[in-house]
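Chemist: Got a structure here, written out as structure tokens. Questions coming.
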Amino acid sequence: MVLSAMQSQLLLIIVGMLILITATNIKTDIIALIVLITLALTGFVDPRDAISGFGSSVVITLMGLFIIVSALEKAGVVNWIARRLNTLGKGSEGSLIIVFMTAASLLSLIMNNVAAGAVLLPAAVRVARESGVAAGKLLIPMSFGTLVGGMATYFTTANILMSELLESRGFRGLNMGDFLPVGGLIVVGGILYMLLIGRRLLPGGNDEEQNGPARPHDLSRTYNLSQHQWLLEVLEDSPLAGKTIAESKLHSELGLTVTAIQRRRRVLSIPGPEARIRKNDRLLVVGTESSISSLSQWGPRVLDRQSMRPRRKALLVEPIEISIAPRSGAIGKTLKQIRLNRDYGILAIGLWRDGVSYTDSVRDIPLEIGDAILVVANSDSLEKIAGNPDFILPAGRYSDRPVDRRRAPQTLIISAAALMLGIFEITPLPIAMLIGSVALVLSNCISVREMYEAVSWKVIFLVSGMLPLSYAISDSGLAEQVGASIVRGMSGYDPILLVAAMVGFTMLVAQIIGGQVSALLVGPVAITAAIQSGIDPRAISVAVAMSCSMAFLTPIAHPVNVLVLGPGNYHFMDFPKVGIGITITSTLILLVGLKFFWGV
24 MVLSAMQSQL LLIIVGMLIL ITATNIKTDI IALIVLITLA LTGFVDPRDA
74 ISGFGSSVVI TLMGLFIIVS ALEKAGVVNW IARRLNTLGK GSEGSLIIVF
124 MTAASLLSLI MNNVAAGAVL LPAAVRVARE SGVAAGKLLI PMSFGTLVGG
174 MATYFTTANI LMSELLESRG FRGLNMGDFL PVGGLIVVGG ILYMLLIGRR
224 LLPGGNDEEQ NGPARPHDLS RTYNLSQHQW LLEVLEDSPL AGKTIAESKL
274 HSELGLTVTA IQRRRRVLSI PGPEARIRKN DRLLVVGTES SISSLSQWGP
324 RVLDRQSMRP RRKALLVEPI EISIAPRSGA IGKTLKQIRL NRDYGILAIG
374 LWRDGVSYTD SVRDIPLEIG DAILVVANSD SLEKIAGNPD FILPAGRYSD
424 RPVDRRRAPQ TLIISAAALM LGIFEITPLP IAMLIGSVAL VLSNCISVRE
474 MYEAVSWKVI FLVSGMLPLS YAISDSGLAE QVGASIVRGM SGYDPILLVA
524 AMVGFTMLVA QIIGGQVSAL LVGPVAITAA IQSGIDPRAI SVAVAMSCSM
574 AFLTPIAHPV NVLVLGPGNY HFMDFPKVGI GITITSTLIL LVGLKFFWGV
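This is how it looks when you write it as structure tokens:
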């Protein structure tokens, strides 16, 4: 394959983009904008075409979906679903797997996969605790349920993108009916695999296994807080009196975290580093016994000897866990460096990593993917950090946003009507999404401010920035060159093998850079290869789109996997151990479905 100078330059841009995604901490959406600017300045695309992605049908559709889902959450519809699952899911391990995989699949038909996972996570953990089933037996099935559900719907970002790429090449776009038959079979196959085989490969259980006991689901027990909480009385002549928490060096030298200051009848909960300690205060702290012993050696009047006993109920605020998001800017930094307490008012009291909990000097430990951080904070602080893409919070545990249940019927009717308009192609899907969004605002189901806040601008900028690259891959002839090489290499073989090759390649790329970028990179090549080999380009577009959701092999391949990593007490290898089987199952069903429904 001989590339022209322009194609070689474009290939260098693609390689540079992949290096930035995999080897730096630059946000993917910012990298997308860098790619857009580079393409415009180098002349690969006209400057007007470079920014056309911001007005594309993909972007309008995604914005409308974000707004509709936000309105459903505000109306309490999503929480209602989670509560019903608490009732339905109380049973055996097998029935719980079916319930949560089915629920995750159904929610993913109409909403973002991460949102579906975040909604179901607290319900799954609660049901697991009440039913005596280890959370590790439910959370990977739930995560994989959102992924297979995303294959069965048009409303997954990669699926919408492949439809846009088809339309840019002059073909009819895809719709719900193109994904549901094959995707529905994959959902059924995924649930059956997990029920019959996958569940036996999952960690945890009701009894102790060779790897030790399953991780308890109660956070206080998980982090052994009953042995790490202390009530310290500051005596009148204590050297701590008059100092701020930062000046006291309780954390910097001893690793103790002050979670509250009790002053007569007042309690200052979650104090900041500038909070001042006074004589006769009582300090509620979290730390190890060795740290407390070291504190007693600071002087005979530092604390009362009676405070040398742990206090089981020292925490005044229920702790929750937050997880590190994939490609988070917090990776490699300490909690002290990211100023979690100073900027958000959130106090970290524990860290969970690879099955081990830490409560000593947690703010000085560099963060890694898959870490779970145990924190205490008020709802305002957690609501604030919920907008930070570096962290993932479980839904339903932090938001004090008012729920307007009176508007639930109205919200449901408007949302369903908008989706039906698009699904049955009564109007183009972007227009249907705009109709639904405007109707929700005019009917006061969601305010204008909430409408703007509902949109995930990171996704919007990512898609808008990457679309010109897909167009350039096609317009420069690079897709045609690569596609021709693939067709020549597969000549003489059954066309289904070409599709299988594209599915395997797309799936592997998605494990590294995510499904959205994979669709934009592989899509143009796959469509061109299909045209040259006489395969229906819409069929191969469905295959590539669904392959982008096969993020089963690593915990960092999809944000929902990261979301369940800590609460499920999973290790990295738990995902490929279970995921290989569901990947093979999904691939085989996809290929059979393409042959049956599309005649490939």
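In terms of this note's numbering, the sequence shown is residues 24 to 623. Built from N, CA and C at the ideal position, the CB exists for glycine as well.
Return the first residue and the last residue of the beta strand (DSSP E) that Glu256 is part of.
Modeler: First-last of the beta strand (DSSP E) with Glu256: Gln252 to Glu256.
Chemist: List the whole-angstrom C-beta distance separating Ile284 from Asp260, where the pair is believed to meet the contact cut-off of C-beta under 8 Å.
Modeler: Wrong, their Cβ atoms sit about 19 Å apart, outside the cutoff.
Chemist: Using a Cβ-Cβ cutoff of less than 7 Å, which residues in the same chain neighbour Ser186 once the five nearest sequence positions on both sides are dropped?
Modeler: The residues are Gly196 and Leu197.
Chemist: Go ahead and label Met525 buried or exposed: buried means 16 or more other beta carbons lie within 10 angstroms of its beta carbon, across all protein chains shown.
Modeler: So Met525 counts as buried.
Chemist: Can you name the start and end residues of the alpha helix (DSSP H) that Thr169 belongs to?
Modeler: From DSSP, the alpha helix (DSSP H) with Thr169 extends over Leu162 to Met174.
Chemist: Beta strand (DSSP E) containing Ser380: first to last residue?
Modeler: Element bounds for Ser380: Val379 to Tyr381.
Chemist: For Trp480, name the three-state secondary structure that DSSP assigns.
Modeler: Three-state result, Trp480: helix.
Chemist: On a CA-only basis, which of Asp394, Ala141, Arg289 and Ser80 is nearest Val583? Give me that one, please.
Modeler: Of the candidates Asp394, Ala141, Arg289 and Ser80, the one whose C-alpha sits nearest the C-alpha of Val583 is Ala141.
Chemist: Is DSSP giving Val282 helix, strand or coil here?
Modeler: A small fix is needed here, since residue 282 is Thr in this sequence, not Val. Thr282: strand per DSSP, three-state reduction.
Chemist: Might you give, ordered along the chain, the residues of its own chain that have their beta carbon closer than 8 Å to the beta carbon of Gly557, omitting 5 neighbours on each side?
Modeler: Within the same chain, Gly557 has close Cβ partners Pro518.
Chemist: Indicate the three-state DSSP secondary structure (helix, strand or coil) for Thr450 in the structure shown.
Modeler: Three-state DSSP puts Thr450 in coil, outside helix and strand.
Chemist: Identify whether Val623 lies in helix, strand or coil by the three-state DSSP scheme.
Modeler: In the structure shown, Val623 sits in coil (DSSP, three-state: anything other than H, G, I, E or B).
Chemist: Could you check whether Leu306 and Val281 sit closer than 8 Å to each other, using their CB atoms as the reference points?
Modeler: Yes, these two residues count as a Cβ contact at 8 Å.
Chemist: Pull up the distance between the alpha-carbon of Phe194 and that of Ala175, whole angstroms please.
Modeler: Their backbone Cα atoms lie some 21 Å apart in a straight line.
Chemist: Skipping 5 residues on each side, what residues in its chain have a beta carbon closer than 6 Å to that of Pro236?
Modeler: Reliability fails at Pro236, whose pLDDT of 34 lies under 50, so the model's placement of it is uncertain and the value that follows must be treated cautiously. Counting only Cβ-Cβ distances below 6 Å, and skipping sequence neighbours, we find nothing.
Chemist: Can you tell me where the beta strand (DSSP E) with Val308 in it begins and where it stops?
Modeler: First-last of the beta strand (DSSP E) with Val308: Arg305 to Val309.
Chemist: Since Leu277 and Gly310 should fall inside the 8 Å C-beta cutoff, what is the C-beta to C-beta distance between them, to a whole number of angstroms?
Modeler: Right, the Cβ-Cβ distance comes to about 7 Å (below 8 Å), so this counts as a contact.
Chemist: Buried or exposed: Asp201, going by 16 or more other Cβ atoms within 10 Å of its Cβ?
Modeler: Looking at its Cβ environment, which holds 16 or more other Cβ atoms inside 10 Å, Asp201 is buried.
Chemist: Whose C-alpha, out of Leu397, Ser380, Arg362 and Ser346, is nearest the C-alpha of Leu371?
Modeler: Contrary to the premise, residue 371 reads as Ala rather than Leu in this sequence. Measuring from the Cα of Ala371, the nearest candidate turns out to be Leu397.
Chemist: DSSP on Arg511, reduced to helix/strand/coil?
Modeler: Three-state DSSP puts Arg511 in a helix.
Chemist: Would a C-beta distance cut-off of 8 Å place Val150 and Leu119 closer than the cut-off?
Modeler: It is a contact, given that the beta carbons lie within the stated cut-off.
Chemist: Given 7 Å as the limit, tell me if Gly196 has its C-beta closer than that to any heavy atom belonging to the ligand MG.
Modeler: Within the structure as shown, the ligand MG is missing, as the structure has no ligands at all.
Chemist: Tell me Glu344's beta-bridge partners as DSSP assigns them.
Modeler: According to DSSP, Glu344 bridges with Leu397.
Chemist: If you draw a straight line from the C-alpha of Arg238 to the C-alpha of Asp72, how long is it?
Modeler: Bear in mind that a pLDDT of 39 at Arg238, under 50, signals an unreliable position, so the model cannot answer this.
Chemist: Report buried or exposed for Gln360, applying the criterion of at least 16 other Cβ atoms within 10 angstroms of its Cβ.
Modeler: So Gln360 ends up on the exposed side.
Chemist: Return the first residue and the last residue of the beta strand (DSSP E) that Gly212 is part of.
Modeler: Element bounds for Gly212: not the beta strand (DSSP E) but the alpha helix (DSSP H), Met199 to Tyr216.
Chemist: For Leu442, which residues from the same chain have a beta carbon less than 7 Å from its beta carbon, with the 5 sequence-adjacent residues on both sides left out?
Modeler: The answer, listed in chain order, is Ile133.
Chemist: Return the CA-CA distance between Gly206 and Tyr177, expressed in angstroms with no decimal places.
Modeler: Approximately 10 Å between the Cα atoms of the pair.
Chemist: Can you find at least 3 beta carbon pairs, one from the region 615-623 and one from the region 558-570, that sit closer than 8 Å?
Modeler: Segments in contact, yes.
Chemist: In the DSSP output, which residue or residues are listed as bridge partners for Trp375?
Modeler: Per DSSP, Ser380 and Ala395.
Chemist: Are the beta-carbon atoms belonging to Val58 and Met489 less than 8 Å from one another?
Modeler: In this structure, Met489 lies closer than 8 Å to Val58 by Cβ.
Chemist: From what residue to what residue does the alpha helix (DSSP H) around Leu225 run?
Modeler: From DSSP, Leu225 is part of no alpha helix (DSSP H); its letter is neither H nor E.
Chemist: Would the beta-carbon of Pro453 fall within 8 Å of that of Thr180?
Modeler: Against a cut-off of 8 Å, the Cβ pair of Thr180 and Pro453 comes out as no contact.
Chemist: Return the CA-CA distance between Leu95 and Leu435, expressed in angstroms with no decimal places.
Modeler: One C-alpha to the other measures close to 7 Å.
Chemist: Where Gly221 and Val587 are concerned, what is the direct C-alpha to C-alpha distance, given to the nearest angstrom?
Modeler: Each residue's Cα considered, the two are about 16 Å apart.
Chemist: Out of Ile293, Pro560 and Ile388, which one is the CA nearest neighbour of Gly622?
Modeler: That would be Pro560, whose Cα lies nearest to the Cα of Gly622.
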